[in-house]
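2 protein chains.
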Amino acid sequence: MSFVVDPSSPSVRIKLTIAYRGTHYHGWQRQEIPPTWKGETLPDHGLPTVQECLEKAIKHVVRHPLNVVGSSRTDSGVHAKGQVVHFDTDKVQIPVEGFRRAINSRLPGDINVVKLEHTPATFDAIGSTVSKRYQYVIWNAIDRNPHLYGLDNHRWQTLDVDLMRQAAASFVGTHDFVGFAKAGHGRESTVRTIFNCAVSKRKQFVVIGVEGSGFLWNQIRIMAGTLLEIGHGELPADRVRVALESGERRLAGRTAPANGLYLQWIKFASNSEPA
Amino acid sequence: MSFVVDPSSPSVRIKLTIAYRGTHYHGWQRQEIPPTWKGETLPDHGLPTVQECLEKAIKHVVRHPLNVVGSSRTDSGVHAKGQVVHFDTDKVQIPVEGFRRAINSRLPGDINVVKLEHTPATFDAIGSTVSKRYQYVIWNAIDRNPHLYGLDNHRWQTLDVDLMRQAAASFVGTHDFVGFAKAGHGRESTVRTIFNCAVSKRKQFVVIGVEGSGFLWNQIRIMAGTLLEIGHGELPADRVRVALESGERRLAGRTAPANGLYLQWIKFASNSEPA
Numbered sequence: 001m002s003f004v005v006d007p008s009s010p011s012v013r014i015k016l017t018i019a020y021r022g023t024h025y026h027g028w029q030r031q032e033i034p035p036t037w038k039g040e041t042l043p044d045h046g047l048p049t050v051q052e053c054l055e056k057a058i059k060h061v062v063r064h065p066l067n068v069v070g071s072s073r074t075d076s077g078v079h080a081k082g083q084v085v086h087f088d089t090d091k092v093q094i095p096v097e098g099f100r101r102a103i104n105s106r107l108p109g110d111i112n113v114v115k116l117e118h119t120p121a122t123f124d125a126i127g128s129t130v131s132k133r134y135q136y137v138i139w140n141a142i143d144r145n146p147h148l149y150g151l152d153n154h155r156w157q158t159l160d161v162d163l164m165r166q167a168a169a170s171f172v173g174t175h176d177f178v179g180f181a182k183a184g185h186g187r188e189s190t191v192r193t194i195f196n197c198a199v200s201k202r203k204q205f206v207v208i209g210v211e212g213s214g215f216l217w218n219q220i221r222i223m224a225g226t227l228l229e230i231g232h233g234e235l236p237a238d239r240v241r242v243a244l245e246s247g248e249r250r251l252a253g254r255t256a257p258a259n260g261l262y263l264q265w266i267k268f269a270s271n272s273e274p275a
Numbered sequence: 001m002s003f004v005v006d007p008s009s010p011s012v013r014i015k016l017t018i019a020y021r022g023t024h025y026h027g028w029q030r031q032e033i034p035p036t037w038k039g040e041t042l043p044d045h046g047l048p049t050v051q052e053c054l055e056k057a058i059k060h061v062v063r064h065p066l067n068v069v070g071s072s073r074t075d076s077g078v079h080a081k082g083q084v085v086h087f088d089t090d091k092v093q094i095p096v097e098g099f100r101r102a103i104n105s106r107l108p109g110d111i112n113v114v115k116l117e118h119t120p121a122t123f124d125a126i127g128s129t130v131s132k133r134y135q136y137v138i139w140n141a142i143d144r145n146p147h148l149y150g151l152d153n154h155r156w157q158t159l160d161v162d163l164m165r166q167a168a169a170s171f172v173g174t175h176d177f178v179g180f181a182k183a184g185h186g187r188e189s190t191v192r193t194i195f196n197c198a199v200s201k202r203k204q205f206v207v208i209g210v211e212g213s214g215f216l217w218n219q220i221r222i223m224a225g226t227l228l229e230i231g232h233g234e235l236p237a238d239r240v241r242v243a244l245e246s247g248e249r250r251l252a253g254r255t256a257p258a259n260g261l262y263l264q265w266i267k268f269a270s271n272s273e274p275a
């Protein structure tokens, strides 16, 4: 394997796109505990985080300590098809495809580096984010699908997808999502913009797709939970609008389980992207 | 919910078709230990078996002790789309669909009763079997698919599917499969009939489908492992024929991992089936 040395650039920023099955991880990072946390000790769930596994695999390859920055702090049990992270390395680099495969060979089977790119130092996985899309996957059939265990949210009662679509449209635009955030989210502003919110049905799958500028803690799971209760006829279709206007958490639906949630992709400002 | 009492038939035989993800189970039953086992104590893997979970769920519904008989003793990690079991119950029965759902409501999310039928007492999940079909699922792409974790066998080198098909054809017919069985299988006769052995490719999936009268311990995993080594060019395409003729285990390929194996369906003698 050949090595490329670039003495004019001692530090290189690398952008990774990664996919993972979140079932066996305590989320992306332990920092799920918000700044308002009052407890004395943090709970130890005995599960590793995706970040820890990824850092360990990269360290094996670059052979120096490093810190990876992830764009989205996915919760425990949440999956990703296109999480994006960056890290800096000042060591000699092997070619991009060899580098990617070397990292993958050190990762467990439920985490995969899909893409590895050199990126300008102006790129920041958190700061350069322009929009993100999540999917919430529901298996809507009398029977569970045992092969989707941990990968879906099962609903046996037939969902009224048209009603869900009608309600989903009310999420689009810039709103105060304080009623759709878990208490203790620790954010000053709870105003977020949703570019798109669509509900699609294909065979037994009902998928809620949400694209937005950014999301509060548990926001998508509460949005999905509200749409699900509307689809079951437990809440009226205008409840999304009412809950957004009032900002009251109790008017929105229950938080849908983490199992069904996938971080699909993240878009970044073009000036931060590789040329 | 209404109950149907049939006093003329105090004992009813029930046939269940079940699907499961085998990842979190120590196989169908603990009897994977063959009769030739010399150890003093049986190993305790700390995992439940599918049979134990199913019996527990049914007992909750029928409220009497029972024993379920499974057609196939799938190994640890092997999945099922259509495992078939029977059991007898002498208690008042709720209607078929309610009975099925009552059992499912007591089962974990990775086991599902697909079908529940009343069947003549002549039906025996083991004895009435005429043929069984298994699938071996390979994900053939440079990258792993993290969402298939535990559900596939990943091979990053491109498989020569035509060579595998050619070799698979040699399995069809009645042969002595002693070279394709794990030592200690404990069977007197190692002659089995393969009705069909096909290799199909669809996008990144390569699937080996095997239909036969019955199989020896690890037989399909050794058949799949041999076809995989032929597909990688590690073994010549005529090796299947040679290994069958010689009956030597060392001539066949390595045992493929349990992850990729699915029990697809089981056919029974028509005179044992529900009218």
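Which chain is which? The protein sequence lines are A and B, in order.
Counting from 1, one number per residue, gives the positions in the first sequence under my numbering.
Counting from 1, one number per residue, gives the positions in the second sequence under my numbering.
All residues carry an ideal CB built from backbone N, CA and C; glycine is no exception.
In the structure shown, the three-state DSSP call for N104(A) is helix. N196(B) is bridged by DSSP to E211(B).
Contact of G27(B) with chain A is not assigned, every C-beta pair being separated by 7 Å or more.
Residue burial annotation: H60(A) is exposed, with fewer than 16 other C-beta atoms found within 10 angstroms of its C-beta. By the criterion of a C-beta distance shorter than 7 Å, G247(B) is surrounded in its chain by D176, V178, G179, once the five residues flanking it on both sides are discounted. As the crow flies, the alpha-carbon of H185(B) is around 43 Å from that of E52(A). Rounded to the nearest whole angstrom, the CA to CA distance from E211(A) to T89(B) is 53 Å. Residues of chain B whose Cβ lies closer than 9 Å to the Cβ of N112(A) are, in chain order, D143, R144, N145, P146. DSSP places S131(A) in the strand class (E or B) of the three-state scheme. The criterion of a C-beta distance shorter than 7 Å is not satisfied by V85(A) and V96(A).
Closest in alpha carbon position to I194(A), among V130(A), S200(A), V207(A), E55(A), is V130(A).
Counting every other CB atom within 10 Å of its CB across the protein chains shown gives A167(A) a total of 16 or more, marking it as buried. Judged by DSSP secondary structure, V240(B) falls outside any beta strand (DSSP E) and instead within the alpha helix (DSSP H) spanning 239-246.
Contact note: G77(A) does not reach chain B at a C-beta cutoff of 8 Å; the least C-beta distance is about 13 Å. Straight across, the Cα-Cα distance linking R202(B) with G260(B) is about 16 Å. Closer than 9 Å at the C-beta level to chain A, one finds these residues of the segment 9-22 of chain B: I18, A19, Y20, R21. Taking 7 Å as the threshold, the shortest C-beta distance from Y149(B) to chain A falls below it. Chain A places no beta carbon closer than 7 Å to that of G253(B), leaving this residue out of the contacts. In the structure shown, Q83(B) falls within a strand segment according to DSSP collapsed to helix, strand and coil. Between Q264(B) and Q135(B) the beta-carbon gap is near 5 Å, inside 8 Å, which marks them as a contact. Judged by DSSP secondary structure, L227(B) falls within the alpha helix (DSSP H) whose first and last residues are 219-231.
Within the model, the alpha-carbon separation for R63(A) versus G77(A) is close to 30 Å.
For G109(A), at least one C-beta of chain B is nearer than 7 Å to its own C-beta. Annotated three-state conformation of V62(A) is helix, per DSSP.
Pairing T17(A) with H232(A), the inter-Cα distance amounts to about 36 Å. Excluding residues up to 5 positions away in sequence, Q204 lie with their Cβ nearer than 6 Å to the Cβ of A141(A) in the same chain. Collapsing the DSSP output to three states places N140(A) in a strand. Contact annotation: the segment 249-256 of chain A does not touch the segment 111-127 of chain A, with fewer than three C-beta pairs closer than 8 Å. For V113(B), the uninterrupted beta strand (DSSP E) segment begins and ends at 111-119. A straight line joining the alpha-carbon of Y262(A) with that of I230(B) spans about 37 Å. Taken through DSSP and simplified to helix, strand or coil, N259(B) comes out as helix. A181(B) and R21(A) have their C-alpha atoms some 34 Å from each other. Using a Cβ distance threshold of 7 Å, L159(A) and A237(A) do not count as a contacting pair.
According to DSSP, residue pairing for N153(A) in a beta bridge involves I138(A).
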